[in-house]
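Top to bottom, those sequences are chains A and B.
For what it's worth, our numbering labels the leading residue of the first sequence as 623, then goes sequentially.
For what it's worth, our numbering labels the leading residue of the second sequence as 1253, then goes sequentially.
C-beta: ideal position from N, C-alpha, C; glycine also.
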Amino acid sequence: MIRYAVYLLLVTALLALQTTWLAGAGIGGAVPDPLVILIMIVGLFHGPEEGAVFGAGVGLLEDVVTGAPLGLGMLADLCVGFAAGLGVRIIYMENVWLPVLGAAALTGLRVIVWVGAAHLVGLLQPPLLEVLRVVLLGACYNGLVAFPLYHGLRSLDRALVRFREESR
Amino acid sequence: MLLDAVGRRRRFVVFVVLCILSLGVLTDQVRAPDRRRAGWLAFAVEGVLAPFTAGLSRIGDKVGAARAMLTEIGTLHGENARLRIEVARLRAENAQLQEASKEALRLRSLLAFKQQPYHTISARVIGRDPSHWFSTVLIDRGAADGIRRNDPVVTSEGLVGRVIETAGSWTRVLLLLDPRSAAGVLVGQSRDAGVAEGQGQPMLRVKYLSRDSDIRPGDQVVTAGLGEIYPRGLPVGRVVSVSRTEADLFQEALVRPDADLRHLEEMLILVSAGQVAR
């Protein structure tokens, strides 16, 4: 329970940052998305099931806070969490490039699912080149941001798991 | 047997169920007015988060102002000289405009023109939608100040959008550029009517313009005042290009908004008279 309470506090803080400082740090329409990195960590270290549930919750909160139609971020983030969990089977977890490449790939996946779902329900008709541009820029930007963030968030997650096991 | 199969594939079952749930929520949203229905969830979450975003936004503003002051010291001397010339020019222009204003007042009284009664409430932006595709901002005034859903929002340059959600001390504004936004407009000297729609891009698309109308780049676009949301005559933007083919029933225009919607900091909410909180 404590782990989820800490996650909730962390998500709230990251959401407040994302709608204020980070929203003004965009490059060509792409902004850093630290929540993707947090969802990636939960998916990678706690499995696809927990990754999907955590992603859905974070995505729903993100939709509420950013003013987007509810369900878009929820769908995109649950796919991110689930894909991160499935990735455990095919990647070497101690690879030093894991944070960068993982965050870049999952950010790209998030944008594609998000725009695809918005297009599916008639909310957006974006030009394909524009989507590709934002996917590539967003993936590179978040990949770079992931490098310092990943280890901090990973250490926090490890400490929370250790605390739970010791308190049993 | 079925339960065993479900147990073995539990992770995929969870994934599929969550996907169906989120698509269900999304399709419900699409049918809602403004393509968003957050209800009590938004009020609860924003009620907790709005004070934090307001605080962070203020800190960000102060840091930005300090950084700008440091970088601008060198340019202030030249800027000062340029501003002196600008003041002299504006004084002359002001004298001319005062004359024009008096004339307009006389003509208005002759026509018994009735200005729609609006009060303005100034507000600061405390949060933005970070996504590239939708455009909403959160401001630091709310229902407690008399703001209601669908109140128009402007800056000194022109129309910004309208209110879609409001509670105690915060309000969410749907910007003109958002794909969920549409406003009735009049274009150019010919005053042809059309609908300005956001498309998630820096330009608005004005649709349903008569194919015979003479619309050119540079023409001013203003609100038509035909709906119940925007008053007539608010500046919206200027025509950048017009597309017209032989096969089309209507022509379309791309319009650059007058207000700088990507860098909003302060704005005014137009509130009907009698609606302002005392």
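Which residue from B/1273, B/1465 and B/1405 puts its Cα closest to that of residue 1441 of chain B? Working through the second sequence from its first residue, we reach residue 1441 of chain B at position 189. Checking every option, the nearest Cα to that of residue 1441 of chain B belongs to B/1465.
Collapsed DSSP secondary structure at residue 732 of chain A in the structure displayed: Stepping through the first sequence from its first residue, residue 732 of chain A is reached at position 110. Residue 732 of chain A falls in the helix class under three-state DSSP.
Chain-ordered chain A contacts of residue 1382 of chain B [CB-CB under 7 Å]: Taking the second sequence and counting its residues from 1, the one referred to as residue 1382 of chain B is at position 130. Result: 640, 641, 644, 645, 653 and 688.
Interface residues of chain A facing residue 1420 of chain B [CB-CB closer than 9 Å]: For the purposes of this step, residue 1420 of chain B is taken as the residue at position 168 of the second sequence. Contact note: residue 1420 of chain B does not reach chain A at a C-beta cutoff of 9 Å; the least C-beta distance is about 16 Å.
Can you tell which of A/714, A/752, A/745 and A/706 has the C-alpha that lies nearest to the C-alpha of residue 728 of chain A? Position 106 of the first sequence holds residue 728 of chain A. Residue A/706 is the option with its Cα nearest to residue 728 of chain A.
Against chain B, does residue 696 of chain A count as a neighbour if the rule is that its beta carbon must be under 8 Å from one of theirs? Within the first sequence, residue 696 of chain A is the residue found at index 74, counting from 1. Proximity of residue 696 of chain A to chain B, defined by a Cβ-Cβ separation below 8 Å, is satisfied.
Enumerated in chain order, which unbroken segments of the beta strand (DSSP E) with a length of 3 residues or greater are wholly contained in the region 1431 to 1468 of chain B? Those beta strand (DSSP E) runs which fall completely within the region 1431 to 1468 of chain B and span 3+ residues are 1434 to 1439, 1444 to 1449 and 1456 to 1462.
Compute the Euclidean distance between the alpha carbons of residue 1329 of chain B and residue 1510 of chain B, then round it to the nearest angstrom. If you number the second sequence from 1, residue 1329 of chain B lands on position 77. If you number the second sequence from 1, residue 1510 of chain B lands on position 258. For residue 1329 of chain B and residue 1510 of chain B, the distance between alpha carbons rounds to 29 Å.
Looking at residue 1498 of chain B: is its Cβ nearer than 8 Å to the Cβ of residue 1459 of chain B? Residue 1498 of chain B sits at position 246 when you count from the first residue of the second sequence. Residue 1459 of chain B sits at position 207 when you count from the first residue of the second sequence. Not closer than 8 Å, so no.
Inter-residue Cα distance where the pair is residue 1485 of chain B and residue 1380 of chain B: Here residue 1485 of chain B corresponds to residue number 233 of the second sequence, with the count starting at 1. Here residue 1380 of chain B corresponds to residue number 128 of the second sequence, with the count starting at 1. Those two C-alpha atoms are separated by around 27 Å.
Let me know the secondary structure DSSP gives residue 785 of chain A once reduced to three states. Translated into positions along the first sequence, residue 785 of chain A becomes position 163. DSSP places residue 785 of chain A in helix when its eight states are reduced to three.
Taking only beta-carbon positions, decide if residue 1274 of chain B is within less than 8 Å of chain D. Among the protein chains of the structure shown, namely A and B, there is no chain D.
Compare the beta carbon distance of residue 1373 of chain B and residue 1513 of chain B with 8 Å and say whether it is the shorter of the two. Here the question's residue 1373 of chain B lines up with position 121 in the second sequence. Here the question's residue 1513 of chain B lines up with position 261 in the second sequence. It is not a contact, given that the beta carbons lie outside the stated cut-off.
Kindly say whether residue 704 of chain A, judged by its beta-carbon, lies nearer than 8 Å to any beta-carbon of chain B. In the first sequence, counting from the first residue as 1, residue 704 of chain A sits at position 82. Closer than 8 Å to the CB of residue 704 of chain A there is at least one CB belonging to chain B.
So is residue 1406 of chain B buried or exposed if we call it buried at 16+ other beta carbons inside 10 Å? As a position in the second sequence, residue 1406 of chain B is number 154, starting the count at 1. The residue in question, residue 1406 of chain B, is buried, as its Cβ has 16 or more Cβ neighbours within 10 Å.
Cβ of residue 1382 of chain B within 8 Å of Cβ of residue 653 of chain A? Your numbering for residue 1382 of chain B matches position 130 in the second sequence. Your numbering for residue 653 of chain A matches position 31 in the first sequence. A contact, by the Cβ cut-off of 8 Å.
With the cut-off set at 8 Å, would you say residue 722 of chain A and residue 765 of chain A are in Cβ contact? Walking along the first sequence from the start, residue 722 of chain A turns up at place 100. Walking along the first sequence from the start, residue 765 of chain A turns up at place 143. Remark: C-beta atoms of residue 722 of chain A and residue 765 of chain A approach each other more closely than 8 Å.
At least one CB of chain A closer than 8 Å to the CB of residue 1304 of chain B: is that the case? Start at 1 with the first residue of the second sequence, and residue 1304 of chain B comes out as number 52. Closer than 8 Å to some Cβ of chain A, the Cβ of residue 1304 of chain B qualifies, so yes.
Does the beta-carbon of residue 1365 of chain B have 16 or more other beta-carbons within 10 angstroms, so that it is buried, or is it exposed? In the second sequence, residue 1365 of chain B corresponds to position 113, counting from 1. Confidence is the limiting factor: at residue 1365 of chain B the pLDDT is only 46, short of 50, which leaves the residue's position unreliable, though a coordinate-based value still follows. Classification of residue 1365 of chain B: exposed, given that the 10 Å Cβ count is below 16.
Hey, which unbroken runs of the alpha helix (DSSP H) at 4 residues or more fall wholly within the region 714 to 764 of chain A? Complete alpha helix (DSSP H) runs here, min 4: 720 to 742.
CA-to-CA distance, residue 1299 of chain B to residue 772 of chain A, given in whole angstroms: If you number the first sequence from 1, residue 772 of chain A lands on position 150. If you number the second sequence from 1, residue 1299 of chain B lands on position 47. So the alpha carbons of these two residues sit roughly 30 Å apart.
Identify every run of the beta strand (DSSP E) within the region 1386 to 1422 of chain B, keeping only runs that are complete inside it and at least 3 residues long; order them along the chain. The beta strand (DSSP E) runs lying completely inside the region 1386 to 1422 of chain B and spanning 3 residues or more are 1388 to 1391, 1404 to 1406 and 1411 to 1419, given in chain order.
Contact with chain A by residue 1433 of chain B, beta-carbon distance below 8 Å: Indexing the second sequence from 1 puts residue 1433 of chain B at position 181. Chain A, which has no Cβ nearer than 8 Å to the Cβ of residue 1433 of chain B, makes this no.
Between residue 678 of chain A and residue 699 of chain A, which are expected to be in contact by the criterion C-beta below 8 Å, what is the C-beta distance as a whole number of angstroms? Position 56 of the first sequence, counted from the first residue, corresponds to residue 678 of chain A. Position 77 of the first sequence, counted from the first residue, corresponds to residue 699 of chain A. With 8 Å as the limit, residue 678 of chain A and residue 699 of chain A qualify as a contact, their Cβ atoms being about 7 Å apart.
In the DSSP assignment, what residue or residues form a beta bridge with residue 626 of chain A? Here residue 626 of chain A refers to the residue found at position 4 of the first sequence. Per DSSP, none; premise fails for residue 626 of chain A.
Establish whether the CB of residue 750 of chain A and some CB of chain B are separated by less than 8 Å. Looking up residue 750 of chain A in the first sequence gives position 128. By the rule that beta-carbons nearer than 8 Å mark a contact, residue 750 of chain A does not touch chain B.
For the alpha helix (DSSP H) that residue 707 of chain A lies in, which residues bound it at each end? Along the first sequence, one-based indexing puts residue 707 of chain A at 85. Where residue 707 of chain A is concerned, the enclosing alpha helix (DSSP H) stretches over 694 to 709.
Interfacial residues, the region 1385 to 1417 of chain B to chain A, with Cβ spacing under 9 Å: Answer set for the region 1385 to 1417 of chain B: 1385, 1386, 1387, 1388, 1389, 1390, 1416 and 1417.
Going by DSSP, which residues form a beta bridge with residue 1372 of chain B? Reading the second sequence from its first residue, position 120 is the one you call residue 1372 of chain B. Residue 1372 of chain B is bridged by DSSP to B/1522.
Closer than 6 Å by C-beta to residue 1302 of chain B: which residues in its own chain qualify, once you throw out the five before and the five after it? Chain order, please. Taking the second sequence and counting its residues from 1, one reaches residue 1302 of chain B at position 50. If we look at residue 1302 of chain B and ignore the five residues flanking it on each side, its Cβ neighbours are 1422.
Taking three-plus beta-carbon pairs below 8 Å as touching, is the region 1272 to 1285 of chain B in contact with the region 702 to 716 of chain A? The region 1272 to 1285 of chain B makes no contact with the region 702 to 716 of chain A, as fewer than three CB pairs between them are under 8 Å.
Where residue 1287 of chain B falls, given that 16 or more other Cβ within 10 Å makes a residue buried: Counting from 1 along the second sequence, the entry for residue 1287 of chain B is found at position 35. The residue is buried, with at least 16 neighbouring Cβ atoms inside 10 Å.
State the CB to CB distance for the pair residue 1469 of chain B and residue 1404 of chain B, rounded to an integer number of angstroms; the pair is presumed to be in contact (CB under 8 Å). In the second sequence, the residue the question calls residue 1469 of chain B occupies position 217. In the second sequence, the residue the question calls residue 1404 of chain B occupies position 152. That pair is no contact at about 26 Å.
My assumption, with CB atoms under 8 Å, is that residue 659 of chain A sits in contact with residue 768 of chain A. Please give the rounded CB distance. The count along the first sequence starts at 1 and reaches residue 659 of chain A at position 37. The count along the first sequence starts at 1 and reaches residue 768 of chain A at position 146. Right, the Cβ-Cβ distance comes to about 5 Å (below 8 Å), so this counts as a contact.
So, helix, strand or coil for residue 1513 of chain B, using DSSP? Position 261 of the second sequence, counted from the start, is the residue given in the question as residue 1513 of chain B. Residue 1513 of chain B: coil per DSSP, three-state reduction.
Indicate whether at least one CB of chain A lies closer than 8 Å to the CB of residue 1525 of chain B. By one-based count along the second sequence, residue 1525 of chain B stands at place 273. With 8 Å as the cut-off, residue 1525 of chain B does not count as an interface residue toward chain A.
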